[in-house]
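Q: Residue numbers (UniProt numbering): 1 to 605. Yeah, the Cβ is synthetic: ideal placement off N, Cα and C, and Gly gets one too.
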C-alpha cells in the first residue's frame, strides 16, 4: 500500500551499538542455513511423536468426526463446528475451525486413520512455524542473525508446545500461528505493506482457530508505533502529511476488516453461546466476583510460569487442578502481583520507547505475548478450560522474543561474560529438547497420557475419572472402582463418575449412584437410562418406563431408550418405536434386523 524504510527502528540512535538491535559482528551464516537449522531442530525434537496413537480430543475431532471421515459433503465443513456438530445445533461447541478440519479430511483421504501421517503433518507445520518465527525475528524485530536463529530454536524446542504439536487436534493452534505470522510478515516484513494480503491471511488464521483474528489489531498497533513520529508531527502541525495519510488508510482497512470478520464470527454462533459447566471452568461459575477475578488473574500468572518453567505439564487442567483463589490472604496472590507488576513495567518500557524506538523487539514481544492470549485469558470472555497449554503456542513467540532480546543486550553489554551466556544458551536448548522428547512419550497412547496426567496433577478429579474409564475398558474393574471413588472424593458432585461407578456396582449401591448422578446433573441421559435398566432387571417395569421416557425427553435421538421401550411394549406401539429407531439410524444393520424381525412376527403390520 505504500513504501517505507523498513530497516531497524534503532538505526539512527547513537547508542545502537550498545543496546540496539542490529549490532552485528563477524561473519553470519547465510539465510538458508539459518532456516534449515531451525527446521531440522524442530523436526528432530518431535521425531519420537510419529509412533503416537489418537488420544484425548483426537478421538472426537478426528476418529469420530463425520466431516473428517468423508461421511458428509465437503460443504458440511463450512457448516459444522470443529467436532462435526452443526453450528446451529444447541449442543454445538461453537468452535469454528473449518480450515483445520479440511486438513484432517485431506489426511484421511491420503492415509485413512493411520496416526503417523497426522503426526507427520503436525511436525512439518511446526517446522514451518519455527522458520516463520525466525523470519519475524530477522525482518521485523531486527535481531542479529545469530539471536534470530536462537529465537527459532527456542521456539522449536519449547516443551509447552507438545500439546499443540504432538496432540493432533493441536494442529488448529499451529495452523493459526502460521497464518498469523504470514499475515504479520505481509504487513510488516518488507518495505511495502500488503494490507489486503495481510487481511486475507489473518482471515485464514481465524478459520484455523478463532484467536487468529487478533493479528489484525496487532498489525494496527505495531503500525501505530512505527508511524508515531509522523502522526505526532501531524498533530502538532495540525495538518496531514503523506505518512499520516497512508497510515489512516491502512488503519481504516484493518478496522473495517476486523469488524467484518468479528460480525461474521458472531453470526456463526446462531444466537447461542457454547454450554460450559463448573467442571470445565470452576472459577467462571463461582458466585463471588472477587473469587473469579483473583483466580483468573492468578491463571494468567500461571500461564506465564508455564512459559518460564514448563516442568509441570498436563493435557487436562480441569476440576480441581488449580484451586480457586478465594481471598486476598492466599499466598498465590503474590505470584499474581509479581506477574502484573512485571507486565506494567514491560508495558511502560515498551510504550515509552516511542520517541527513540531503540527496542523494537521489546515492543513486538509484548504485543505477541499479550494480544493473542487475551481471548483465552477468561478476563473478557468465558472459555471452557482452566489452563490449556496449546493456547500458549502463539503467545510463546512474544515470550521467546523478549528472552532472546534480553540475551542479546547482555551479550553486547557484558562482553566478558559471553562464554557464560553461551553456556547458558546451550544448556537451555538442550534442556528444552530433552524435556520435549520426554513429553512426547507421554502422548504415545491413552494409557501413557493418563498416567502422565495423574503424576502431574494427582488432585485432578477428571484425570482419575478418565483413568478409571481406561481401566474399565481394559477389564480392570476393581482398580477402576478405586479411581472413580477418588474422583468423587475430590469432586463429590461429579455426575459421570457416579454414573460409571453405578455400572460397576450392584443392587441398592448401583441405584444410589445413579440417583446421585441425576441429582447432581438432572439432564444426565445415561444416568436415567442406566437406572431404567436397573429397574427393568429388578422387575420394576413402571419405574423403568418412566426413566426411559425421561431419557427420550432429554434427548429425542437417544436410540437405546427407544429400543428398550419397544421391547417392553406390545402390539403396534413396539412397531412404531422400532420404526422411529430405524429413521434415526437407517444404516444400522442391528436395528434394521430387529425391525424386520418384528414385522415378520406380526405379519408385516
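Whole angstroms are fine: how far does the CA of residue 535 sit from the CA of residue 541?
A: One-based indexing of the chain shown puts residue 541 at position 541. One-based indexing of the chain shown puts residue 535 at position 535. Each residue's alpha carbon lies about 7 Å from the other.
Q: Run through DSSP, which three-state label would residue 473 get?
A: Residue 473 sits at position 473 when you count from the first residue of the chain shown. Helix, per DSSP.
Q: Between which residues of its own chain and residue 83 is the CB-CB distance below 7 Å, once the five residues before and five after are set aside?
A: For the purposes of this step, residue 83 is taken as residue 83 along the chain shown, with counting starting at 1. Same-chain partners within the cutoff: 60, 61, 65 and 93.
Q: Between the C-alpha atoms of residue 559 and residue 85, what's the straight-line distance to the nearest angstrom?
A: Locating residue 559 in the chain shown gives position 559, counting from the first residue. Locating residue 85 in the chain shown gives position 85, counting from the first residue. About 18 Å.
Q: Does the region 268 to 286 come within contact of the region 312 to 323, defined as at least 3 CB pairs closer than 8 Å?
A: Segments in contact, yes.
Q: On the CB-based measure, 16 or more other CB atoms within 10 Å of its CB, does residue 348 come out buried or exposed?
A: By 1-based counting over the chain shown, the position of residue 348 is 348. Exposed is the call here.
Q: Buried or exposed: which applies to residue 606, given that a residue is buried once 16 or more other Cβ atoms fall within 10 Å of its Cβ?
A: The displayed coordinates of the chain run from 1 to 605. Any statement about residue 606 would go beyond what the structure contains.
Q: My understanding is that residue 621 touches residue 148, with C-beta atoms under 8 Å, so please give their C-beta distance in whole angstroms.
A: The chain is shown only over 1 to 605; residue 621 falls outside these bounds and no answer can be derived.
Q: Under 9 Å between the Cβ atoms of residue 182 and residue 216?
A: Numbered from 1 along the chain shown, position 182 holds the residue referred to as residue 182. Numbered from 1 along the chain shown, position 216 holds the residue referred to as residue 216. Taking 9 Å as the Cβ cut-off, residue 182 and residue 216 do not qualify as a contacting pair.
Q: So, with DSSP's three-state summary, where would you put residue 57?
A: Numbered from its first residue, the chain shown carries residue 57 at position 57. In this structure, residue 57 counts as coil in the three-state DSSP scheme.
Q: Expressed to the nearest angstrom, what Euclidean distance is found between the alpha-carbon atoms of residue 162 and residue 170?
A: In the chain shown, counting from the first residue as 1, residue 162 sits at position 162. In the chain shown, counting from the first residue as 1, residue 170 sits at position 170. Each residue's alpha carbon lies about 9 Å from the other.
Q: Going by the DSSP bridge assignment, what does residue 86 pair with across the sheet?
A: Locating residue 86 in the chain shown gives position 86, where the first residue counts as 1. Answer by DSSP bridge pairing, in chain order: 80.
Q: Looking at the secondary structure, which residues open and close the alpha helix (DSSP H) in which residue 279 lies?
A: By one-based count along the chain shown, residue 279 stands at place 279. Unbroken run through residue 279: none, as it is neither H nor E.
Q: Can you find the residues in the same chain that come closer than 7 Å, C-beta to C-beta, to residue 350, ignoring five residues on each side of it along the sequence?
A: Residue mapping note: residue 350 aligns to position 350 of the chain shown, counting from 1. 362, 363 and 366, listed in sequence order.
Q: Can you tell me which of the three DSSP states residue 309 falls into?
A: As a position in the chain shown, residue 309 is number 309, starting the count at 1. DSSP places residue 309 in coil when its eight states are reduced to three.
Q: Measure the beta-carbon distance from residue 566 to residue 548 and round it to whole angstroms, keeping in mind my assumption that it falls under 8 Å.
A: Position 566 of the chain shown, counted from the start, is the residue given in the question as residue 566. Position 548 of the chain shown, counted from the start, is the residue given in the question as residue 548. At roughly 10 Å, the Cβ-Cβ gap does not stay under 8 Å, so residue 566 and residue 548 are not in contact.
Q: Leaving aside the five residues before and after residue 103 along the sequence, list all residues of the same chain whose C-beta is less than 8 Å from its C-beta, in chain order.
A: Along the chain shown, one-based indexing puts residue 103 at 103. Around residue 103: 121, 171 and 175.
Q: Starting from the Cα of residue 226, find the closest Cα among 188, 195 and 263 and give me that residue.
A: For the purposes of this step, residue 226 is identified with residue 226 of the chain shown, where counting begins at 1. Of 188, 195 and 263, the residue nearest in Cα terms is 188.
Q: Just tell me which of 369, 309 and 387 has its CA closest to the CA of residue 432.
A: Reading the chain shown from its first residue, position 432 is the one you call residue 432. Selected option, being the one with the closest Cα: 309.
Q: Can you tell me whether residue 529 is helix, strand or coil according to DSSP?
A: Numbered from 1 along the chain shown, position 529 holds the residue referred to as residue 529. Residue 529: helix per DSSP, three-state reduction.
Q: Measuring only the C-alpha atoms, how far is residue 91 from residue 137?
A: Locating residue 91 in the chain shown gives position 91, where the first residue counts as 1. Locating residue 137 in the chain shown gives position 137, where the first residue counts as 1. Distance between the alpha carbons of residue 91 and residue 137: 42 Å.
Q: For residue 330 and residue 228, what's the separation of their Cα atoms in angstroms?
A: Here residue 330 refers to the residue found at position 330 of the chain shown. Here residue 228 refers to the residue found at position 228 of the chain shown. About 42 Å.
Q: Residues in the same chain with beta-carbon distance under 6 Å from residue 276, minus the five sequence neighbours each way, listed in chain order, please.
A: Your numbering for residue 276 matches position 276 in the chain shown. The answer, listed in chain order, is 384.
Q: CA-CA distance, residue 206 and residue 511?
A: One-based indexing of the chain shown puts residue 206 at position 206. One-based indexing of the chain shown puts residue 511 at position 511. Roughly 47 Å separates the two Cα atoms.
Q: When you compare only the Cα positions, how much space is there between residue 288 and residue 339?
A: Position 288 of the chain shown, counted from the start, is the residue given in the question as residue 288. Position 339 of the chain shown, counted from the start, is the residue given in the question as residue 339. Between residue 288 and residue 339, the C-alpha separation is close to 23 Å.
Q: Closest to residue 164 by CA distance: which of 118, 522 and 186 is it?
A: In the chain shown, counting from the first residue as 1, residue 164 sits at position 164. The residue with the shortest Cα to Cα distance from residue 164 is 118.
Q: Any idea what DSSP makes of residue 331, helix, strand or coil?
A: Position 331 of the chain shown, counting from 1, holds the residue named residue 331. Residue state, collapsed to three classes: coil.
Q: Going by DSSP, what residue range makes up the alpha helix (DSSP H) through residue 128?
A: Working through the chain shown from its first residue, we reach residue 128 at position 128. Unbroken alpha helix (DSSP H) run through residue 128: 115 to 139.
Q: At 4 residues or longer, and completely inside the region 414 to 495: list those alpha helix (DSSP H) runs for me, N to C.
A: With a minimum length of 4 residues, the continuous alpha helix (DSSP H) runs that stay inside the region 414 to 495 are 418 to 442, 446 to 456, 461 to 473 and 477 to 490.
Q: Which two residues bound the contiguous alpha helix (DSSP H) that contains residue 556?
A: Taking the first residue of the chain shown as 1, we reach residue 556 at position 556. Premise fails: residue 556 is in no alpha helix (DSSP H) and is neither H nor E.
Q: Apart from the five residues on each side of it in sequence, which residues of its chain come closer than 8 Å, Cβ to Cβ, to residue 484?
A: Translated into the one-based positions of the chain shown, residue 484 becomes position 484. If we look at residue 484 and ignore the five residues flanking it on each side, its Cβ neighbours are 464, 465, 468, 497, 500, 501 and 504.
Q: In chain order, what residues of the same chain have a beta carbon less than 6 Å from the beta carbon of residue 196, not counting five sequence neighbours either side?
A: Translated into positions along the chain shown, residue 196 becomes position 196. Answer for residue 196: no residue qualifies.
Q: Any idea what DSSP makes of residue 382, helix, strand or coil?
A: Translated into the one-based positions of the chain shown, residue 382 becomes position 382. The answer is coil: DSSP assigns residue 382 none of H, G, I, E or B.
Q: For the region 191 to 266, list the alpha helix (DSSP H) runs that are entirely contained and at least 4 residues long, ordered along the chain.
A: List check, alpha helix (DSSP H) in window: 195 to 208, 215 to 226 and 228 to 237.
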